[in-house]
Structure formats: C-alpha cells, structure tokens
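Taking it in order: structure first as structure tokens, then the write-up.
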Amino acid sequence: GDSVTQMEGPVTLSEEAFLTINCTYTATGYPSLFWYVQYPGEGLQLLLKATKADDKGSNKGFEATYRKETTSFHLEKGSVQVSDSAVYFCALSDQGNAGKSTFGDGTTLTVKP
Amino acid sequence: EAQVTQNPRYLITVTGKKLTVTCSQNMNHEYMSWYRQDPGLGLRQIYYSMNVEVTDKGDVPEGYKVSRKEKRNFPLILESPSPNQTSLYFCASSAQGENTIYFGEGSWLTVV
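Protein chains in written order, with our numbering: chain L, 27 to 139; chain X, 813 to 924.
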C-alpha cells in the first residue's frame, strides 16, 4: 500500500536558519503530494501541495518540489521564524481523491529566538 | 465561514461507556474522514465516507463505528471505549475531485 516516510524529529533551529524536512513516498500511480501544518492546539491545515511531477508548491515562504525520480517532496524554507514552530505532516492522496489519504508521522519543528 | 466542527473538544470517560463524537461540515463536501493522532504514530485514518450511506474502513477501524445519514454529518461512535482509544481525534472533509483536506480542530478523548 501507499506510505509516507518523514524525517524524524524533533527539529530545533535558531531564527533565520534554513529549514529542510525530508519526505519520501511509496505509491502506485501518480499521487498528489501535500504538506500540512499543525500549530499548537489546532487542527491540521494545508500548507502547500503539488499535483504532478516537477510541480513546486509554495506558501508563506515554504517550498516543496514533486520529484518523481526520487519519490520525494522535501519541505524547505530559507529563513524560519519563531512563528513557524509547529508539527509538519507530509501526505499523499490519489489524484482528485483526498478522501483516502496517507500521512507521515509528522515532524515537530521548534524555532528559538 | 467554511469549517469542520467537532464536538466535544475535550472528554474524559470511563471504560465501556458508549460515546459519540459529532462532526459537521458546511462545505457540501462528499468525502469525510476520521483520524486519530498518537505520539510517534502520526495520523492514522479510522474510517472514511465517500458520500451519504457510503463508508469504508481506514487503517485502524477496530473499536469504532461511523454512520453517514446526512451529507454534512459524520459521527464517530465508540460503543465500548477502552484506554487504548485515548487519543486526539480529527474529523476531516474534502470535495470530490479535489485534493485538499479540511480538518476540524480536534477532540481530545481520555478513557480511564
């Protein structure tokens, strides 16, 4: 079946540091890929997504590129802020069918001033 | 405002006492799902529904029931809760043909 593997956390960075959170996947066909973010005490919300190979999703300074050849969707940000502290989830779903989605285990990011 | 609403947000209950966590969405979405989030295990899907009266098991359905009698509602039922069902539960919805999932704020359930 489908699976998503995320870089283990927790990750602790200083403000303005560069962030990379690795994500690789196993899936049949051509899934859509997502990053969701969960701020403390809240539900998950979509951060960015990509629906086909070589697409780049971006939002709030975060970026991730759909790499089919390496089955990866790594999350990056050039300069993190304290407000980016959260849990980040990589996920995949069949094209046009988010009803059945597979999530990674989540990576906790803490950014210190 | 588009949203997924779950209740209760926090609940402590005793083993064996039936409970229901309600979920409602106002976006006319076809798909609805329940997930549980546990430390070190990430987010695991319990059940999902593709439309009214259509439900299917997710990855961890044991000990749970669901029903989808109306499009907007998707309650999660624990007929006889046990301590291993202590978890953070999320309801979610999405539109047919779309990729994005919308999550509720979560329900913290403790079974003692």
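Glycine residues also receive a C-beta, built at the ideal position from the N, C-alpha and C atoms.
Could you work out which residues of chain X lie near residue i, taking near to mean beta carbons separated by less than 7 Å?
{"i": "E68 (chain L)", "result": "E917"}
Nearest by alpha-carbon distance to residue i: which of the options is it?
{"i": "Y56 (chain L)", "options": "L:Y62, L:C49, L:T77 and L:K86", "result": "L:T77"}
{"i": "K150 (chain L)", "options": "L:L118, L:G69 and L:L101", "result": "Outside the shown range of chain L, which is 27 to 139, sits residue 150 (chain L), and nothing can be said about it."}
{"i": "T91 (chain L)", "options": "L:S109, L:D110, L:S29 and L:L59", "result": "L:L59"}
{"i": "K881 (chain X)", "options": "X:S861, X:S899, X:D871 and X:S919", "result": "X:S861"}
{"i": "N863 (chain X)", "options": "X:P820, X:F886 and X:T825", "result": "X:F886"}
{"i": "M839 (chain X)", "options": "X:T817, X:Q897, X:L888 and X:V923", "result": "X:T817"}
{"i": "S894 (chain X)", "options": "X:P851, X:K869, X:T867 and X:K829", "result": "X:K829"}
{"i": "P851 (chain X)", "options": "X:D868, X:S845, X:Q897 and X:I824", "result": "X:Q897"}
Starting from residue i, trace the beta strand (DSSP E) both ways and give me its first and last residue.
{"i": "F60 (chain L)", "result": "S58 to Q64"}
{"i": "Q837 (chain X)", "result": "L831 to Q837"}
{"i": "K78 (chain L)", "result": "From DSSP, K78 (chain L) is part of no beta strand (DSSP E); its letter is neither H nor E."}
{"i": "S40 (chain L)", "result": "V37 to S40"}
{"i": "D110 (chain L)", "result": "Element bounds for D110 (chain L): n/a, residue is neither H nor E."}
Straight-line CA distance for residue i to residue j?
{"i": "F44 (chain L)", "j": "H841 (chain X)", "result": "37 Å"}
{"i": "L890 (chain X)", "j": "Q857 (chain X)", "result": "15 Å"}
{"i": "K103 (chain L)", "j": "L921 (chain X)", "result": "34 Å"}
{"i": "G875 (chain X)", "j": "Q32 (chain L)", "result": "28 Å"}
{"i": "V113 (chain L)", "j": "T133 (chain L)", "result": "5 Å"}
{"i": "P873 (chain X)", "j": "A907 (chain X)", "result": "23 Å"}
{"i": "G909 (chain X)", "j": "Y843 (chain X)", "result": "10 Å"}
{"i": "G130 (chain L)", "j": "G916 (chain X)", "result": "19 Å"}
{"i": "G35 (chain L)", "j": "Y62 (chain L)", "result": "16 Å"}
{"i": "A904 (chain X)", "j": "Y914 (chain X)", "result": "5 Å"}
Name the chain L residues that come within less than 7 Å of residue i, Cβ to Cβ?
{"i": "L831 (chain X)", "result": "Neighbours of L831 (chain X) on chain L: none; closest Cβ ~20 Å, over 7 Å."}
Chain L partners of residue i, CB-CB under 8 Å?
{"i": "G852 (chain X)", "result": "D131"}
Of all the residues that make up the region 883-915 of chain X, which are near chain C by a beta-carbon distance shorter than 7 Å? The structure shown contains no chain C; its protein chains are L and X.
Determine which residues of the region 33-64 of chain L have a Cβ less than 8 Å from any Cβ of chain X, and write them out in chain order. Identification of residues in the region 33-64 of chain L having a C-beta nearer than 8 Å to some C-beta of chain X yields S58, F60 and Y62, given in sequence order.
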